[in-house]
Every structure is written in C-alpha cells, then in structure tokens.
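The block underneath contains the structure these notes are about, expressed in structure tokens.
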Amino acid sequence: MVKLIAITPSAEELVGYCARVSAPENQGKDASKLLAYCVKHGHWSIFEMANMVLEIETGRDVAPQILRHRSFSFQEFSQRYSKADTYVERQARRQDLKNRQNSIDDISTDDQIWFRNVQEDIWNQSYTAYTQALDRGIAKECARSLLPLNTKTRIYMNGSIRSWIHYINLRTDKSTQLEHREIAEAAKQIFCEQMPTIAQALGWAGNTT
C-alpha cells in the first residue's frame with residue numbers, strides 16, 4: 001500500500017519559480033516549457049525545490065531495499081516501541097538460474113498453495129511465541145527477533161522531486177524485485193497525479209501500470 005501524505009503546495013509552480021531566479025521578471029509566468037526543457041537537458045537541481053512524502057506499507061524483507069535510498073529521509077514503524085500485528089503474504093516465484101537477481105512467475109499452483117500455507121503456519125507459530133515473550137515481560141526489542149522477515153512494517157518516505165524521479169526510474173526497472181517494483185509503480189502513479197507537467201516531460205504520463 002502506498003499513499004500520499006504531503007507534497008509541497010503548488011510544487012510545479014514553485015519549481016518553475018525558483019528555476020527563474022536569474023530572470024525575476026519571468027517568475028510569475030507559466031513554467032511548463034521550462035520544466036520540460038530542464039528534464040530534456042538534465043538540469044535536475046531545480047527539482048530539489050519541492051518535496052513529497054509517501055506512506056508505504058510492506059514487509060521487513062523489502063523495507064531494507066527502500067531504506068537504501070539515502071537521498072530520502074525516513075520514519076519507520078518501530079518494533080521496539082509498538083507491537084507488530086500482521087505479515088505480508090508473498091507470492092512464490094522460481095529462481096532464475098541465469099540471473100541471481102531475477103525470479104520467474106511460473107511456479108505450479110500446488111507449490112503456490114504450499115508456499116502460502118507455510119507462510120501462514122510460520123507466522124502463527126512465530127506470533128504466538130512473540131506474544132508469549134511479551135507476556136513474560138521480555139522487551140519488544142528482544143521479542144521481535146522471533147518474527148519472520150515478512151512481518152508488515154510502515155514507512156514514511158520524504159524526498160525532493162529530484163530524488164523521486166531517480167527512485168522511480170530505478171525501481172520501476174524490471175531488474176527490481178517485483179514487490180518493490182509494485183511500490184515504485186504506485187509512487188509513480190501518485191507522482192503523475194500530483195505533478196502532471198513534470199510527468200509528461202519525463203514521458204511518464206499515460207505510462208503507469
């Protein structure tokens with residue numbers, strides 16, 4: 001799940017206004033052509049003038065991939081302070097033997113069912129032990145070690161428009177793990193809705209999945 005939390009008011013207008021710092025007589029004019037020009041010629045610094053914050057729900061297996069993007073600022077749900085309560089069910093895919101970073105969606109229905117049932121069994125067993133540990137007075141920061149990697153977490157991800165452009169371009173690529181790619185595609189959709197002029201200049205408009 002990905003949703004918009006906040007964005008700089010009139011983000012596109014602000015970016016255009018700041019881009020014309022050396023031509024103040026033009027700062028009140030429409031900046032659509034200027035934004036397109038800057039995208040075309042790689043003048044990315046102007047897109048640092050506005051920010052967007054998204055809320056992302058995913059598993060602890062994917063969260064580290066997101067947190068690796070260090071041009072962003074993050075706040076993540078803390079299992080030291082709050083009790084975890086659910087997990088994210090993952091789809092089974094076959095390992096690509098030619099590319100260790102790729103998986104192939106051709107696992108049989110029986111194996112899909114097995115994988116889904118095993119996830120549920122592991123969660124139930126782990127969560128029971130986790131709850132028992134808390135009931136025994138064991139600190140959350142210790143008890144969380146009993147939980148599986150697909151335990152659900154929530155992240156607030158804040159970055160400049162420039163950072164979001166880079167993130168979306170990188171993480172919507174087919175080389176990205178499917179579950180992370182779906183998050184990036186959702187972020188791209190929000191970006192296009194909030195900043196249609198920039199999205200069109202990037203070639204993203206009408207190109208979301």
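In the numbering used here, the protein residues as written are 1 to 209. By construction, the Cβ of each residue, glycine as well, lies at the ideal position given by its N, Cα and C atoms.
{"Asked": "Under a Cβ-count criterion, where at least 16 other Cβ atoms within 10 Å of its own Cβ denotes burial, should residue 22 be classed as buried or exposed?", "Found": "exposed"}
{"Asked": "In chain order, what residues of the same chain lie with their CB nearer than 7 Å to the CB of residue 104, ignoring the 5 residues before and after it?", "Found": "93, 94, 96"}
{"Asked": "If you measure between the beta carbons of residue 84 and residue 134, is that distance less than 8 Å?", "Found": "no"}
{"Asked": "Note down, in chain order, each residue of its chain lying with its Cβ closer than 8 Å to the Cβ of residue 33, except the 5 sequence neighbours on either side.", "Found": "none"}
{"Asked": "Suppose you measure from the CA of residue 175 to the CA of residue 110; what does that come to, to the nearest Å?", "Found": "27 Å"}
{"Asked": "Within its chain, find whatever has a CB closer than 7 Å to the CB of residue 27; leave out the 5 residues flanking it on each side and keep chain order.", "Found": "17, 20"}
{"Asked": "In chain order, what are the residue ranges of uninterrupted alpha helix (DSSP H) at least 4 long that sit wholly in the region 84–141?", "Found": "109–135"}
{"Asked": "For residue 174, which of helix, strand or coil comes out of DSSP?", "Found": "coil"}
{"Asked": "Distance check for residue 15 and residue 47, CA to CA, integer angstroms please.", "Found": "6 Å"}
{"Asked": "Output needed for residue 65: all residues of its chain with C-beta closer than 6 Å, excluding positions within five of it in sequence on either side, in chain order.", "Found": "180"}
{"Asked": "Near residue 162, what residues of its chain come up, given a Cβ to Cβ distance below 6 Å and the 5 sequence neighbours on each side ignored?", "Found": "44, 47, 48"}
{"Asked": "Which same chain residues, not among the five before or five after residue 141, have their C-beta less than 8 Å away from its C-beta?", "Found": "79, 80"}
{"Asked": "How many whole angstroms separate the CB atoms of residue 144 and residue 77, which I take to be in contact at a CB cut-off of 8 Å?", "Found": "With a Cβ gap of about 11 Å, residue 144 and residue 77 do not count as contacting."}
{"Asked": "Look at the Cβ atom of residue 165, then the Cβ atom of residue 2, and state whether they are nearer than 8 Å.", "Found": "no"}
{"Asked": "What's the call for residue 60, buried or exposed, on a 16-neighbour Cβ count within 10 Å?", "Found": "buried"}
{"Asked": "Pop quiz: residue 87 and residue 152 are said to be a contact at Cβ under 8 Å. What is the actual Cβ separation, rounded to whole angstroms?", "Found": "6 Å"}
{"Asked": "With C-beta atoms as the reference, is residue 189 less than 8 Å away from residue 11?", "Found": "no"}
{"Asked": "Measuring straight from C-alpha to C-alpha, what distance separates residue 172 and residue 205?", "Found": "14 Å"}
{"Asked": "Can you find the residues in the same chain that come closer than 6 Å, C-beta to C-beta, to residue 6, ignoring five residues on each side of it along the sequence?", "Found": "53"}
{"Asked": "Which residue spans inside the region 2–48 form an unbroken alpha helix (DSSP H) run of at least 4?", "Found": "11–19, 32–40"}
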